[in-house]
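Protein chains: 2
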Amino acid sequence: MVPESPDQLAWSSIVTNARRHPRSTPADSVLTEVAEAVRLQEGPPGVRSVLRALRRLAPASTKELSRATGLPVPIVAALGNELRRRGLVTEARPSRLTEAGADLVARLGMDLVLDATCRTCDGRELVIPEVLDEAVTRLRALMESGPAADMTIDQSHCTAETKVRRVLALLTAGALPGGSLLLIGDDDLVSLAVAVVGDVLGGPIVEQVTVVDISPEILDHIQKTAAGLGTRIETVQHDLRRPLPAELHGRHDVAMTDPPYTPEGARLFLSRAVEGLRPGPAHSVFFSFGGKSPDEMLEVQREIMELGLVTNGYVRNFNEYEGSGILGGVGFFQHLLTTTSTASRQGEFSGPLYTGDKRTRQREYTCAACDARIRVGPGARWTSVAALREDGCPQCGKGPFRPGRLVPA
Amino acid sequence: MVPESPDQLAWSSIVTNARRHPRSTPADSVLTEVAEAVRLQEGPPGVRSVLRALRRLAPASTKELSRATGLPVPIVAALGNELRRRGLVTEARPSRLTEAGADLVARLGMDLVLDATCRTCDGRELVIPEVLDEAVTRLRALMESGPAADMTIDQSHCTAETKVRRVLALLTAGALPGGSLLLIGDDDLVSLAVAVVGDVLGGPIVEQVTVVDISPEILDHIQKTAAGLGTRIETVQHDLRRPLPAELHGRHDVAMTDPPYTPEGARLFLSRAVEGLRPGPAHSVFFSFGGKSPDEMLEVQREIMELGLVTNGYVRNFNEYEGSGILGGVGFFQHLLTTTSTASRQGEFSGPLYTGDKRTRQREYTCAACDARIRVGPGARWTSVAALREDGCPQCGKGPFRPGRLVPA
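Protein chains in written order, with numbering that gives the first Met the number 0: chain W, 0 to 408; chain G, 0 to 408.
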């Protein structure tokens, strides 16, 4: 990292004094119309957040807006088109509000811009110290010589800065130094980040790192690279659909994973992390994941809860990825702790795991009002839950609908 | 806030190059012994975290160690005594490691100190802009003239800085400006913080604030103070044990609460927040709570999950409180989002709600191995779950044990 100048270090905020307008129903109804036009799961609050971000960041690219709002890029693009059709956003890109758009924002009482996000850490809670700039540079070089990301299994490499920040999170949370670290999948090469940081600091920061991954290419790259770095890295080739080999059970002090971005992927990889940890409460699991809609995130967090893991930290834009367009290139980083009821109940897994597997599957939804179960997806009467919501429950006419399991193929 | 000098703004970290020692079993067993001596629910990892914090911060007060590790002050004090008895920590206060203690830390591979926590925001993700220093000063004065904290109902006032940071979190997350804000309990006077921030910035940042609280003194203080500040504050005197009055249902865009620090308190106040929000996903609820053990936090987060709320942010030391010794004066701040399955199922509540109510109650635990239900607490065979754990399940001899509901009085 280039050392920052003092004025960049300071917070910065733009405060625009608001002209106040009484709230009018038509302004609210624009939000509802736009949300319905793109069948936005986040509803009018989602449209509101895009307008606020436009007001604050304009001119802003779709990707920047995606990052600010947590909405996926294609959704932001669709919203942008709807706002453009209504003359609220400029035809010229990057987008900004038209005069009519600015007027709408003012009528919604949102004509105030104040972003207090810390500019030193960009809201990430921690900062790479200068002494580790060298580690960032070296990791960047190691990434270039390593295997490319395999998009079909949801791989997407995090940046060298993110790798170092993950190591710092381990140290800052007190999970390291010392003890043993288990990596459940490591196409991100966090094992090498731990080794390089140790090398730069003059000695290993961990007793041992164990990497479990399905890819011989990745494990080979890690083994070859780690040879001269002074950190013991054990590599185990293993398909994580199967439980961890017995000799890895109950042995590690802390685990980290960046699983496939589906609830099934989260449950599976976190289950393997739990299998590998020493029993007992207060062991750390660090979990990276991509932004999803609130309903999809509820599913993921239910899996976390069912494993008996509890949240102890959650940074929204912690992880930055190279070339991952859909999510705007960022993802969250969640610090989990084990409890006395933490346990893995996950046997061998044979269902769909990756985003690509799931697009062709149906999912069962339960009507919250009458408990009817309704299939949604390709080949079903409703191909999306938005469509189901529009029609209402076929049994009682109401809703809402809770997502359940994928229908077996 | 006093503007910080550039070198205070910069990150700071102390890196001590580690002498490396091979890991030895005796060092590990000290951790186990100390954890068992104080029946530490967090086990050896908890002892590890205190030793790491001592290594990093020494000399450090019990309160500072509590804050760094997330363990309650009495627990840290007990751990300190055990470490002192073993000659690992100095008799003199504030505490530091003795030579034997430093040697233990080195043998555990923990002789490296690197705290990358951002020094600009202290890991809180956001910073109070200078333009709002005046708001902090004015709120400090308003606190002095307001009602004192009632400790018997778990009141403990957050600092003026915390109040302003909560308002900034609402703005930064895009929940404000605009729309209506619902405060479920407001002895913290967040309503006045919203009004004062609006006044300082030149216009209200919200259409309306609704405060629901049981205390006429607090509501009166808010009404009188808000009169000249330009923000519409509606106050409703109401016992939150009962569902919200019908006219408040489904009306608000965003809610905030700092409930009693029990799972029952969390569920109850969050249920009332949910009742007051407009239906649909992606509405924000901001939730403040005190540090508990992982097992207790799992209970709280299960309540959150059962309400259909999903985590979108979690800052560990966000909230600072005046005169709240037990938790080291800090608490976390969790940003929750509604989903399509968010709903309150909480009717009238008559059980114990506050920390003080609960100390005299038994709780039912379920053995994870055989499903036996065992009562724990005053008057029961086991007065603490640590004691039950030590003996093992009376039916199958195993465990672990999952916490259930309090036993009705």
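All residues carry an ideal CB built from backbone N, CA and C; glycine is no exception.
**Request:** Mind checking the stretch 106-117 of chain G against chain W and listing, in chain order, the residues whose C-beta falls within less than 8 Å of any C-beta there?
**Result:** L107, G108, M109, D110, L111, L113, D114, A115, T116, C117
**G350 of chain G: CB within 7 Å of a non-hydrogen atom of the ligand SAH** = This structure lacks the ligand SAH, and indeed carries no ligand of any kind.
**Prompt:** Can you list, in chain order, the stretches of the beta strand (DSSP E) that have 3 or more residues and sit fully within the stretch 159-200 of chain G?
**Reply:** 179-183
**Message:** Just to confirm my understanding: we take A99 of chain W, look at its own chain, exclude 5 residues before and 5 after, and list those with CB closer than 6 Å. What are they?
**Reply:** To locate residue 99 of chain W, count along the first sequence from 1; it is residue 100. Excluding residues within five positions, the ones whose Cβ falls inside 6 Å are G86, L87.
**Request:** Spell out the partners DSSP gives G227 of chain G in its beta bridges.
**Result:** The residue you call residue 227 of chain G lines up with position 228 of the second sequence. Looking at the DSSP assignment, G227 of chain G forms no beta bridge with any residue, so it has no partner.
**Asked** Any idea what DSSP makes of T89 of chain G, helix, strand or coil?
**Response** Working through the second sequence from its first residue, we reach residue 89 of chain G at position 90. T89 of chain G falls in the coil class under three-state DSSP.
**Request:** Sort G:R106, G:L200, G:A59, G:A140 by Cα distance to S422 of chain G and report the nearest one.
**Result:** Outside the displayed range of chain G (0 to 408) lies residue 422 of chain G, so it cannot be described from this structure.
**Message:** In whole angstroms, give me the CA-to-CA distance for V199 of chain G and E133 of chain G.
**Reply:** As a first step, residue 199 of chain G is located in the second sequence; it is residue number 200 there, counting from the start. As a first step, residue 133 of chain G is located in the second sequence; it is residue number 134 there, counting from the start. Distance between the alpha carbons of V199 of chain G and E133 of chain G is about 7 Å.
**Request:** Please list the partners that G312 of chain G has in chain W, where partner means a Cβ-to-Cβ separation under 7 Å.
**Result:** Indexing the second sequence from 1 puts residue 312 of chain G at position 313. Within 7 Å Cβ-Cβ: Y313, R315.
**Message:** List, from N- to C-terminal side, the alpha helix (DSSP H) runs of 4 residues or more that fit wholly inside the stretch 216-289 of chain G.
**Reply:** 262-275
**Item:** C-alpha distance - W10 of chain W paired with T119 of chain W, whole-angstrom precision
**Value:** Position 11 of the first sequence, counting from 1, holds the residue named residue 10 of chain W. Position 120 of the first sequence, counting from 1, holds the residue named residue 119 of chain W. At W10 of chain W the pLDDT is 29, less than 50, meaning the model places this residue with poor confidence; the figure from the coordinates comes in the next sentence. Approximately 7 Å between the Cα atoms of the pair.
**Request:** Sort W:E363, W:R51, W:G202, W:T234 by Cα distance to E216 of chain W and report the nearest one.
**Result:** As a working mapping, residue 216 of chain W is identified with position 217 in the first sequence. Ranking W:E363, W:R51, W:G202, W:T234 by Cα distance to E216 of chain W puts W:T234 first.
**Prompt:** Just curious, the beta strand (DSSP E) that E363 of chain G is in, first and last residue?
**Reply:** The residue given as residue 363 of chain G occupies position 364 in the second sequence. It spans 362-366 - the beta strand (DSSP E) in which E363 of chain G sits, taken as one unbroken run.
**Prompt:** Bridge partners of A59 of chain G, per DSSP?
**Reply:** Stepping through the second sequence from its first residue, residue 59 of chain G is reached at position 60. According to DSSP, A59 of chain G bridges with G:S94.
**Prompt:** If you draw a straight line from the C-alpha of I183 of chain G to the C-alpha of E246 of chain G, how long is it?
**Reply:** In the second sequence, the residue the question calls residue 183 of chain G occupies position 184. In the second sequence, the residue the question calls residue 246 of chain G occupies position 247. Using only the alpha carbons, I get a separation of about 15 Å.
**Request:** Check whether the Cβ of M255 of chain W lies closer than 8 Å to any Cβ atom in chain G.
**Result:** As a first step, residue 255 of chain W must be located in the first sequence, where it is residue number 256. Not closer than 8 Å to any Cβ of chain G, the Cβ of M255 of chain W fails to qualify, so no.
**Prompt:** Applying a beta-carbon distance threshold of less than 7 Å, which residues of chain G neighbour T339 of chain W?
**Reply:** Position 340 of the first sequence, counted from the start, is the residue given in the question as residue 339 of chain W. D294, P399, F400, listed in chain order.
**Item:** N- and C-terminal bounds of the alpha helix (DSSP H) containing R137 of chain W
**Value:** Mapped onto the first sequence, residue 137 of chain W falls at position 138. Note, R137 of chain W: alpha helix (DSSP H), 132-144.
**Buried or exposed (CB count within 10 angstroms, at least 16 for buried), G289 of chain G** = One-based indexing of the second sequence puts residue 289 of chain G at position 290. Result: buried.
**Prompt:** Would G346 of chain G be called buried (16 or more neighbouring beta carbons within 10 Å of its own) or exposed?
**Reply:** Against the second sequence, residue 346 of chain G aligns to sequence position 347. Classification of G346 of chain G: exposed, given that the 10 Å Cβ count is below 16.
**Prompt:** In this structure, does DSSP put R38 of chain G in helix, strand or coil?
**Reply:** Against the second sequence, residue 38 of chain G aligns to sequence position 39. Coil.
**Exposure label - E206 of chain W; buried when at least 16 CB within 10 Å** = As a first step, residue 206 of chain W must be located in the first sequence, where it is residue number 207. Looking at its Cβ environment, which holds 16 or more other Cβ atoms inside 10 Å, E206 of chain W is buried.
**Message:** Mapping the DSSP letters down to three states, classify L321 of chain W as helix, strand or coil.
**Reply:** The count along the first sequence starts at 1 and reaches residue 321 of chain W at position 322. Note that residue 321 of chain W is Glu in the sequence shown, not Leu. Note: E321 of chain W maps to coil in three-state DSSP.
**Request:** List the whole-angstrom C-beta distance separating D257 of chain W from S287 of chain W, where the pair is believed to meet the contact cut-off of C-beta under 8 Å.
**Result:** In the first sequence, the residue the question calls residue 257 of chain W occupies position 258. In the first sequence, the residue the question calls residue 287 of chain W occupies position 288. At roughly 4 Å, the Cβ-Cβ gap stays under 8 Å, so D257 of chain W and S287 of chain W are in contact.
**Message:** Rounded to the nearest angstrom, what separates L78 of chain W and L50 of chain W at their Cα positions?
**Reply:** Here residue 78 of chain W refers to the residue found at position 79 of the first sequence. Here residue 50 of chain W refers to the residue found at position 51 of the first sequence. Near 10 Å, if we compare the C-alpha coordinates of L50 of chain W and L78 of chain W.
**Item:** Between the CA atoms of A194 of chain W and A254 of chain W - distance to the nearest angstrom
**Value:** Here residue 254 of chain W is taken as the residue at index 255 of the first sequence, counted from 1. Here residue 194 of chain W is taken as the residue at index 195 of the first sequence, counted from 1. Distance between the alpha carbons of A254 of chain W and A194 of chain W is about 16 Å.
**Prompt:** Relative to the C-alpha of S340 of chain G, which residue among G:P176, G:P58, G:A281 is closest?
**Reply:** Position 341 of the second sequence, counting from 1, holds the residue named residue 340 of chain G. The shortest C-alpha separation from S340 of chain G is found at G:A281.
**Prompt:** Going by alpha carbons, who is nearest to R231 of chain G out of G:A386, G:L169, G:G202, G:R241?
**Reply:** Here residue 231 of chain G refers to the residue found at position 232 when the second sequence is read from its first residue. Nearest option by C-alpha distance: G:G202.
**Request:** Please determine, among W:H248, W:I373, W:E298, the residue with the shortest C-alpha to C-alpha distance to P278 of chain W.
**Result:** By 1-based counting over the first sequence, the position of residue 278 of chain W is 279. Selected option, being the one with the closest Cα: W:H248.
**Request:** Sort W:G197, W:M304, W:D212 by Cα distance to E227 of chain W and report the nearest one.
**Result:** Within the first sequence, the letter at position 228 stands for residue 227 of chain W. It should be pointed out that residue 227 of chain W corresponds to Gly in this sequence rather than to Glu. If we check each option's Cα against that of G227 of chain W, W:G197 comes out closest.
**Item:** Proximity to R344 of chain W [Cα-Cα], best of W:E363, W:G307, W:G330, W:G350
**Value:** Along the first sequence, one-based indexing puts residue 344 of chain W at 345. Checking every option, the nearest Cα to that of R344 of chain W belongs to W:G307.
**Message:** So the candidates are W:T365, W:A36, W:G108, W:T224; which of them puts its Cα closest to the Cα of N80 of chain W?
**Reply:** Position 81 of the first sequence, counted from the first residue, corresponds to residue 80 of chain W. Checking every option, the nearest Cα to that of N80 of chain W belongs to W:A36.
**Request:** Return the chain-ordered list of same chain residues with a C-beta closer than 8 Å to the C-beta of A371 of chain G, the five sequence neighbours on each side being excluded.
**Result:** Numbered from 1 along the second sequence, position 372 holds the residue referred to as residue 371 of chain G. Hits under 8 Å: T365, C392, P393, Q394, C395.
**Prompt:** According to the Cβ coordinates, are Y313 of chain G and H156 of chain G closer than 8 Å?
**Reply:** Reading the second sequence from its first residue, position 314 is the one you call residue 313 of chain G. Reading the second sequence from its first residue, position 157 is the one you call residue 156 of chain G. Not in contact: Y313 of chain G and H156 of chain G (Cβ atoms no closer than 8 Å).
**Item:** Separation of F400 of chain G from L131 of chain G, as counted between CA atoms
**Value:** Counted from its first residue, the second sequence places residue 131 of chain G at position 132. Counted from its first residue, the second sequence places residue 400 of chain G at position 401. If I take the Cα positions, the gap works out to 48 Å.
**Message:** Between A57 of chain G and chain W, is any beta-carbon pair separated by less than 8 Å?
**Reply:** Translated into positions along the second sequence, residue 57 of chain G becomes position 58. By this cut-off, A57 of chain G is not an interface position.
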